[in-house]
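Just below is one structure, and these are the notes that go with it.
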Amino acid sequence: MHSELFYQLALTLVPNIGDVQAKILVQHFGQASDVFKVKKSQLEKIEGIGEIKASSIKHFNDFHLAEKEMTFIEKYKIRTLFLTDEDYPKRLLNCYDSPTLLFYKGTTDLNASRIVAIVGTRSNTDYGKAFTEKLVKELADQNIVVISGLAYGIDAIAHKASLKNKLPTIGVVGHGFSKIYPAAHAELAKEMIAAGGGILTEFFHDVKPDKHNFPLRNRIVAGISDATVIVESTTKGGSMITAKLADAYNRDVFAVPGRTTDKVSAGCNHLIKYNKAVLLTDADELLEVLGWKEKKVKPKRQRVLFIDLTTEEQIVIKILLEKEAAHIDEINPASGLSSSAVAAAILNLELQGIVQSQPGKMYRML
Numbered sequence: 019m020h021s022e023l024f025y026q027l028a029l030t031l032v033p034n035i036g037d038v039q040a041k042i043l044v045q046h047f048g049q050a051s052d053v054f055k056v057k058k059s060q061l062e063k064i065e066g067i068g069e070i071k072a073s074s075i076k077h078f079n080d081f082h083l084a085e086k087e088m089t090f091i092e093k094y095k096i097r098t099l100f101l102t103d104e105d106y107p108k109r110l111l112n113c114y115d116s117p118t119l120l121f122y123k124g125t126t127d128l129n130a131s132r133i134v135a136i137v138g139t140r141s142n143t144d145y146g147k148a149f150t151e152k153l154v155k156e157l158a159d160q161n162i163v164v165i166s167g168l169a170y171g172i173d174a175i176a177h178k179a180s181l182k183n184k185l186p187t188i189g190v191v192g193h194g195f196s197k198i199y200p201a202a203h204a205e206l207a208k209e210m211i212a213a214g215g216g217i218l219t220e221f222f223h224d225v226k227p228d229k230h231n232f233p234l235r236n237r238i239v240a241g242i243s244d245a246t247v248i249v250e251s252t253t254k255g256g257s258m259i260t261a262k263l264a265d266a267y268n269r270d271v272f273a274v275p276g277r278t279t280d281k282v283s284a285g286c287n288h289l290i291k292y293n294k295a296v297l298l299t300d301a302d303e304l305l306e307v308l309g310w311k312e313k314k315v316k317p318k319r320q321r322v323l324f325i326d327l328t329t330e331e332q333i334v335i336k337i338l339l340e341k342e343a344a345h346i347d348e349i350n351p352a353s354g355l356s357s358s359a360v361a362a363a364i365l366n367l368e369l370q371g372i373v374q375s376q377p378g379k380m381y382r383m384l
């Protein structure tokens with residue numbers, strides 16, 4: 019008898035059944051195994067499936083590929099996350115085209131409270147490198163998980179800066195786990211996993227890093243994150259695809275402005291110009307927009323001991339403590355002091371930062 023994982027793997031292999039259709043089927047039947055066990059007529063009746071897709075499911079005969087993948091998963095201790103699993107990334111699940119199945123090597127919670135994607139061009143400038151490192155450093159104490167694509171350039175800089183600042187970081191890749199691409203980042207991937215981060219993909223272990231895989235990778239980067247930061251990008255860079263996807267998923271998009279003469283800033287400047295991204299110059303702006311900035315409560319001024327005050331000042335304070343605010347015409351008669359004595363006392367209290375004057379000759383305690 020086959021496990022549920024076997025059928026989950028098989029479902030992703032069925033021709034004509036993409037992630038959207040797989041989600042429809044699983045929502046209807048509850049689990050992947052039932053999709054293969056029901057009659058064709060039952061499949062045909064489901065909206066969005068029909069006769070052709072139902073036939074693809076019933077005639078599917080490549081179950082050996084699912085067996086092969088299970089062997090690899092078990093050997094290398096790869097975690098799998100199916101649409102219905104409790105640990106499946108909830109942010110990603112809310113995207114209409116979320117992957118049916120994810121493969122994960124790592125320990126970081128994919129449902130962490132704060133996840134930010136930092137992406138950009140492979141051909142970064144010194145400015146882009148410095149900004150990325152500065153941004154990650156400023157986020158170091160904010161309990162944030164950094165997501166990127168493990169590519170050359172800004173992606174790798176973001177991962178390395180996260181490691182340096184002890185932030186968990188996850189690389190989403192456009193290929194299987196047999197080989198890390200680019201090969202030069204194999205050690206970086208190991209470091210990320212060892213440091214409590216991870217590597218995430220939707221592809222079977224032997225899938226190569228083909229060009230059409232990367233837009234699919236980008237949708238995971240955008241969908242799994244609360245926000246996406248584009249550091250540097252040309253107008254047609256892969257990061258622009260990520261930005262577009264993040265916007266479609268109703269995620270916050272931030273872009274770092276650059277010089278108008280720099281091609282690698284043209285994409286960011288374009289996003290900002292057409293209100294497709296929030297202009298970002300430091301971490302505080304990101305935290306503010308996302309509502310993550312801790313409100314600093316101004317410490318209350320310690321009550322001034324009466325021993326520090328003159329008798330006249332003490333009398334004025336006693337009156338103001340009984341009310342939120344008092345008019346000068348109330349303070350004068352209540353104090354029993356001359357108008358000039360009250361005026362002098364209030365002035366001294368204002369200079370000491372104890373009393374505040376308001377419009378209309380009103381006064382209140384600070």
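Counting from 19, one number per residue, gives the positions in the sequence shown under this note's numbering.
We put the beta carbon where it would ideally sit given N, CA and C, even for glycine.
_Closest to T252 by C-alpha separation, out of A343, G146, P351, would be which residue?_
What you label residue 252 is simply residue 234 of the sequence shown in a count that begins at 1. Closest option to T252, Cα to Cα, is G146.
Discussion item. Three or more C-beta pairs under 8 Å: does that hold for the region 271 to 281 against the region 236 to 252?
Written reply: yes
* Asked: S257 to S73, Cα distance in whole Å?
  -> Position 239 of the sequence shown, counted from the first residue, corresponds to residue 257. Position 55 of the sequence shown, counted from the first residue, corresponds to residue 73. Going by the C-alpha atoms only, they are around 38 Å apart.
| request: Look at the alpha carbon of Q376 and the alpha carbon of D326, and state the distance between them as a whole number of angstroms. | output: Numbered from 1 along the sequence shown, position 358 holds the residue referred to as residue 376. Numbered from 1 along the sequence shown, position 308 holds the residue referred to as residue 326. Each residue's alpha carbon lies about 24 Å from the other.
Exercise. To the nearest angstrom, report how far apart K178 and T125 are at their CA atoms.
Key: The residue given as residue 178 occupies position 160 in the sequence shown. The residue given as residue 125 occupies position 107 in the sequence shown. For K178 and T125, the distance between alpha carbons rounds to 18 Å.
Whose C-alpha, out of S166, S357, D347, is nearest the C-alpha of N236? Taking the first residue of the sequence shown as position 1, residue 236 is located at position 218. It is S166.
Would DSSP call G124 helix, strand or coil? Taking the sequence shown and counting its residues from 1, one reaches residue 124 at position 106. Three-state result, G124: strand.
>> Please tell me whether V190 and I238 are closer than 8 Å, where the distance is taken between their beta carbons.
In response: In the sequence shown, residue 190 corresponds to position 172, counting from 1. In the sequence shown, residue 238 corresponds to position 220, counting from 1. In this structure, I238 lies closer than 8 Å to V190 by Cβ.
Exercise. Could you please give the first and the last residue of the uninterrupted alpha helix (DSSP H) stretch that includes F387?
Key: The structure shown does not extend to residue 387, since the chain is modelled only from 19 through 384, so no value can be given for it.
(message) Using only the alpha-carbon positions, how far apart do T139 and D103 sit?
(response) For this step, residue 139 is matched to residue 121 along the sequence shown. For this step, residue 103 is matched to residue 85 along the sequence shown. Going by the C-alpha atoms only, they are around 34 Å apart.
With H, G and I counted as helix, E and B as strand and the rest as coil, what does DSSP make of L31?
Along the sequence shown, one-based indexing puts residue 31 at 13. Reduced to three states, the DSSP call for L31 is helix.
On the DSSP bridge assignment, give the partners of Y145 in chain order. Sequence index remark: in the sequence shown, residue 145 carries index 127 (1-based). In the DSSP output, where bridge partners are listed per residue, Y145 has none listed.
Q. Around the C-beta of V137, are 16 or more other C-beta atoms found within 10 angstroms, so that it is buried, or is it exposed?
A. Position 119 of the sequence shown, counted from the start, is the residue given in the question as residue 137. The residue in question, V137, is buried, as its Cβ has 16 or more Cβ neighbours within 10 Å.
A148 versus I175, Q160, N129, residue with shortest Cα-Cα distance = Along the sequence shown, one-based indexing puts residue 148 at 130. Selected option, being the one with the closest Cα: I175.
>> Tell me which residues share the same chain as I5 and place their Cβ nearer than 7 Å to its Cβ, disregarding the 5 neighbours each side in the sequence.
In response: The question about residue 5 has no answer here: the residues shown for the chain are numbered 19 through 384.
Have a look at E92, M88, V32 and flag the residue whose alpha-carbon is nearest the alpha-carbon of I70.
-> Within the sequence shown, the letter at position 52 stands for residue 70. Nearest C-alpha to I70: V32.
Does the distance from the C-beta atom of H223 to that of F195 stay below 8 Å?
As a position in the sequence shown, residue 223 is number 205, starting the count at 1. As a position in the sequence shown, residue 195 is number 177, starting the count at 1. In this structure, F195 lies closer than 8 Å to H223 by Cβ.
Beta-carbon proximity check, T118 vs A204, cutoff 8 Å = Taking the first residue of the sequence shown as position 1, residue 118 is located at position 100. Taking the first residue of the sequence shown as position 1, residue 204 is located at position 186. Contact: no.
Residue environment, Y267, which counts as buried when at least 16 other CB atoms sit within 10 Å:
Start at 1 with the first residue of the sequence shown, and residue 267 comes out as number 249. With 16 or more other Cβ atoms within 10 Å, it is buried.
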